[in-house]
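K.L.:
Per mature numbering (1 follows the signal peptide of the UniProt record, and there is no 0): the sequence shown = residues -31 to -1, 1 to 416.
Sending over a structure as structure tokens; questions will come in a sec.
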Amino acid sequence: MKQRGRHRRRRRGAALRAVLAGAALALTATATLISASQATVAANPGALRPLTSRADTAPLRLREHLVPARTLNRLAASMGRPVGVDAVLRSADRSLRQGAGCGSEDRETLPVAPAVTRAYCWDRADTADTAWQPASVTTSGDADDDGVWGSHRVILTGWTHDTATGPAAERGLARVAFVDADDPRHPVYRWVLLVVPVEGGRDYRALASGVSGMVWYQDKLLVTTRGGSADALYVYDLDRIQRTTADRAAIGRVHGGWSGGGYRYVMPAVGSYRFTAGRCGASGPPCPAGLSLDRGTAPDSLVAAEWTAPGSERRARLWRYAFSTDPAREGLLATGAAGRVDPVEAYRTRATGIRGVLSYRRPGAAGPSWYVGHVSANGGDTDGHGGLWRQDRKGAKADRCGSDASHRCWAQGPGALSYWQETGEVWSLSRRMLFALPLAALDRTLD
């Protein structure tokens, strides 16, 4: 049975804007300026090349697979009535610290330029284990255009555990931090583990896949998958979060109840999208990296970028799918015959190592600009800063910083990008911090 989103819209007002402005963190230059003296100037990725031929767009086609309602209902009947976002936020048990209270090791991962206006570091218990890394972000600004879900302002960030280090039971797991951002001075959060129903809803397993991109649209959460999975995207329902009943290391049904590997909440997938051409890879469909929402199209669209190795000669693809406008398919992609999803726009870019992507039509522009945040080919994920380019069909621009005018001005270990339309802010992640800055400020540095 499909659950509709239980949220209400609220009008934006001057009071809300005043709260946001007053709470914005003005980080000093000493907190964000990092030497770029050893950086090398990145190659300009140039103009985007449109992909229009069937041969180019066919590998981007998806097929939708929804989990049967009886499977989800059987799981809920065994575990108890599902809960929503409010229940998770009410049980928040960890806090984010504002940037000024974070250590220098954390602040050094922020962008060099432009300066961020909000920055938060995670609970020390979550950064002590470096095998867990944040990569994706989405907000209630994506979920609903008034910026709130129910009565809350919410930020979701996706984390993945390294597959090669740490306890075997945690390797490859994916979890989401549900951040209550109602008070920008003291955000709090709670973890939810991503799982997949199996055996017709009689059990579930861990998602066990890297989550590099994530978009919360209406009552659904779409996340990327990689690591050999045949599925390009998994779909989750924010009204179908389940409480676990046993605190065990195992994940799934256990003697006496249901366990989530120590997590109080699990969220079972309600569907997935698979490339019709097979598994992603160098010779087939693209492996999705960053995801974001574009509200500037009609209908709203899901934007995606392909992961290619930093410095690779292979050109990455940028593309978008339209969301469905059918009220019975809230939060799902628009499908045609046999549940197929075709891209509505696609490009090639010379940018490599892409971690974040946004599409936004600037005032007076003939078409959308594409913002791509990427890992540097020199410096890797942890030693150096990445770059952020704005591309369109005419060319590309990036900010410059340091004595050698390097383009490596973005975050260390950069994550996905998410545009909060109501506030005009871009949210993103470094390998140690959650941060935001106005899109207008980013454009000013590029112009």
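Backbone N, C-alpha and C fix where the C-beta goes; we use that ideal spot for every residue, glycine too.
Would you check if the segment 12 to 29 and the segment 357 to 367 touch, i.e. whether three or more CB-CB distances between them fall below 8 angstroms?
P.N.:
Cβ pair count under 8 angstroms is three or more, so yes.
K.L.:
Going by beta-carbon coordinates alone, are R284 and R319 separated by less than 7 angstroms?
P.N.:
Counting from one through the sequence shown, the residue named residue 284 turns up at place 315. Counting from one through the sequence shown, the residue named residue 319 turns up at place 350. For R284 and R319, yes; Cβs fall inside 7 angstroms.
K.L.:
Using a 10 Å radius around the Cβ and a threshold of 16 neighbouring Cβ atoms, would you call A46 buried or exposed?
P.N.:
Here residue 46 corresponds to residue number 77 of the sequence shown, with the count starting at 1. The residue in question, A46, is exposed, as its Cβ has fewer than 16 Cβ neighbours within 10 Å.
K.L.:
Look at the Cβ atom of S261, then the Cβ atom of S105, and state whether they are nearer than 7 angstroms.
P.N.:
The residue labelled residue 261 in the question sits at position 292 within the sequence shown. The residue labelled residue 105 in the question sits at position 136 within the sequence shown. No. Outside cutoff.
K.L.:
I need the DSSP call for T126, collapsed to helix, strand or coil.
P.N.:
Counting from one through the sequence shown, the residue named residue 126 turns up at place 157. In this structure, T126 counts as strand in the three-state DSSP scheme.
K.L.:
Pick helix, strand or coil for L398, following the three-state DSSP scheme.
P.N.:
Translated into the one-based positions of the sequence shown, residue 398 becomes position 429. Three-state DSSP puts L398 in a strand.
K.L.:
In chain order, what residues of the same chain lie with their CB nearer than 7 angstroms to the CB of L79, ignoring the 5 residues before and after it?
P.N.:
Taking the first residue of the sequence shown as position 1, residue 79 is located at position 110. Contacts found: T1, V85, A88, A380, S399, M402 and F404.
K.L.:
Compare the Cα-Cα distances from V54 to each of Q67, A82, S64 and V123 and report the closest residue.
P.N.:
Sequence index remark: in the sequence shown, residue 54 carries index 85 (1-based). Of the candidates Q67, A82, S64 and V123, the one whose C-alpha sits nearest the C-alpha of V54 is V123.
K.L.:
Do you know offhand how far A307's Cα is from R32's?
P.N.:
What you label residue 307 is simply residue 338 of the sequence shown in a count that begins at 1. What you label residue 32 is simply residue 63 of the sequence shown in a count that begins at 1. Computed Cα separation, rounded: 8 angstroms.
K.L.:
Within 10 angstroms of its Cβ, does A5 collect 16 or more other Cβ (buried), or is it exposed?
P.N.:
For the purposes of this step, residue 5 is identified with residue 36 of the sequence shown, where counting begins at 1. Caution applies to A5, whose pLDDT of 34 falls short of 50 and renders its modelled position unreliable; the model cannot decide the point.
K.L.:
Within its chain, find whatever has a CB closer than 6 angstroms to the CB of A274; leave out the 5 residues flanking it on each side and keep chain order.
P.N.:
What you label residue 274 is simply residue 305 of the sequence shown in a count that begins at 1. Excluding sequence neighbours, A274 sits near A258, G259, L287, I323 and V326.
K.L.:
Does the beta-carbon distance from R240 to R43 come in below 7 angstroms?
P.N.:
The residue given as residue 240 occupies position 271 in the sequence shown. The residue given as residue 43 occupies position 74 in the sequence shown. It should be noted that the sequence gives Gly, not Arg, for residue 240. Cβ atoms of G240 and R43: not closer than 7 angstroms.
K.L.:
Would you report the Cα separation of D75 and S252, rounded to the nearest angstrom?
P.N.:
Working through the sequence shown from its first residue, we reach residue 75 at position 106. Working through the sequence shown from its first residue, we reach residue 252 at position 283. So the two alpha carbons sit approximately 38 angstroms from each other.
K.L.:
So, is G(-10) buried or exposed, given that buried needs 16 or more other C-beta atoms within 10 angstroms?
P.N.:
Residue -10 sits at position 22 when you count from the first residue of the sequence shown. Because G(-10) carries a pLDDT of 43, less than 50, the predicted location of this residue cannot be relied on, and no value is offered for it.
K.L.:
What is the residue span of the alpha helix (DSSP H) that E74 lies within?
P.N.:
Counting from one through the sequence shown, the residue named residue 74 turns up at place 105. Segment S73 to R76, the alpha helix (DSSP H) holding E74.
K.L.:
Determine the burial state of A374: buried for a count of at least 16 other Cβ atoms within 10 Å of its Cβ, exposed for fewer.
P.N.:
Translated into positions along the sequence shown, residue 374 becomes position 405. Exposed: under 16 other Cβ atoms inside 10 Å.
K.L.:
Under a three-way DSSP split, which group does R43 fall into?
P.N.:
Translated into the one-based positions of the sequence shown, residue 43 becomes position 74. Helix, per DSSP.
K.L.:
In this structure, does DSSP put A410 in helix, strand or coil?
P.N.:
Residue mapping note: residue 410 aligns to position 441 of the sequence shown, counting from 1. In this structure, A410 counts as helix in the three-state DSSP scheme.
K.L.:
Taking the alpha carbon of T392 as the reference point, which residue from D113, G353, M236 and S338 has its own alpha carbon closest?
P.N.:
Working through the sequence shown from its first residue, we reach residue 392 at position 423. It is D113.
K.L.:
Under the rule that 16 or more other beta-carbon atoms within 10 Å means buried, what is R377, buried or exposed?
P.N.:
Translated into positions along the sequence shown, residue 377 becomes position 408. So R377 counts as buried.
K.L.:
Which one of P254, Y158, Y329 and A146 has the shortest CA to CA distance from L271?
P.N.:
Within the sequence shown, numbered from 1, the residue matching residue 271 stands at position 302. The option with the nearest alpha carbon to L271 is Y329.
K.L.:
Between R359, L408, G182 and A143, which has its C-alpha nearest G384's C-alpha?
P.N.:
Within the sequence shown, numbered from 1, the residue matching residue 384 stands at position 415. The residue with the shortest Cα to Cα distance from G384 is G182.
K.L.:
May I ask you to list the residues that DSSP assigns as paired with P236?
P.N.:
Within the sequence shown, numbered from 1, the residue matching residue 236 stands at position 267. The amino acid occupying residue 236 in the given sequence is Met; Pro does not appear at that position. In DSSP, M236 forms a bridge with L163.
K.L.:
Out of L411, T193, R317 and H354, which one is the CA nearest neighbour of S22?
P.N.:
Along the sequence shown, one-based indexing puts residue 22 at 53. S22 has its Cα closest to that of R317, out of L411, T193, R317 and H354.
K.L.:
Alpha carbon to alpha carbon, how far is Q187 from P268?
P.N.:
Taking the sequence shown and counting its residues from 1, one reaches residue 187 at position 218. Taking the sequence shown and counting its residues from 1, one reaches residue 268 at position 299. Distance between the alpha carbons of Q187 and P268: 13 angstroms.
K.L.:
Among all the DSSP beta bridges, which residues are the ones paired with E314?
P.N.:
To locate residue 314, count along the sequence shown from 1; it is residue 345. According to DSSP, E314 bridges with R289.
K.L.:
Excluding five sequence neighbours on each side, which residues of the same chain lie with their C-beta closer than 6 angstroms to the C-beta of L41?
P.N.:
Along the sequence shown, one-based indexing puts residue 41 at 72. Cβ within range, chain order: n/a, list empty.
K.L.:
Following the continuous alpha helix (DSSP H) through V54, name the residue where it begins and the one where it ends.
P.N.:
The count along the sequence shown starts at 1 and reaches residue 54 at position 85. From DSSP, the alpha helix (DSSP H) with V54 extends over V54 to R59.
K.L.:
Looking only at C-alpha atoms, which of V341, W389 and Q390 sits nearest to D368?
P.N.:
Here the question's residue 368 lines up with position 399 in the sequence shown. The candidate whose alpha carbon is nearest that of D368 is V341.
K.L.:
By how many angstroms is the C-alpha of L357 removed from the C-alpha of D216?
P.N.:
The count along the sequence shown starts at 1 and reaches residue 216 at position 247. The count along the sequence shown starts at 1 and reaches residue 357 at position 388. Cα to Cα, the separation comes out at about 42 angstroms.
K.L.:
Restricting to Cα atoms, I'd like to know which of V148, S109 and R174 is closest to G141.
P.N.:
Within the sequence shown, numbered from 1, the residue matching residue 141 stands at position 172. Considering only alpha carbons, the answer is R174.
K.L.:
Looking at G229: is its Cβ nearer than 7 angstroms to the Cβ of L162?
P.N.:
As a working note, residue 229 is residue 260 in the sequence shown. As a working note, residue 162 is residue 193 in the sequence shown. Yes, they are a contact pair.
K.L.:
By DSSP, does G371 sit in helix, in strand, or in coil?
P.N.:
Against the sequence shown, residue 371 aligns to sequence position 402. In this structure, G371 counts as coil in the three-state DSSP scheme.
K.L.:
Terminal residues of the continuous beta strand (DSSP E) containing G259?
P.N.:
For the purposes of this step, residue 259 is taken as residue 290 along the sequence shown, with counting starting at 1. Element bounds for G259: P257 to D263.
K.L.:
Assuming M236 contacts R209 (C-beta within less than 8 angstroms), just tell me the rounded distance between them.
P.N.:
Locating residue 236 in the sequence shown gives position 267, where the first residue counts as 1. Locating residue 209 in the sequence shown gives position 240, where the first residue counts as 1. At roughly 7 angstroms, the Cβ-Cβ gap stays under 8 angstroms, so M236 and R209 are in contact.
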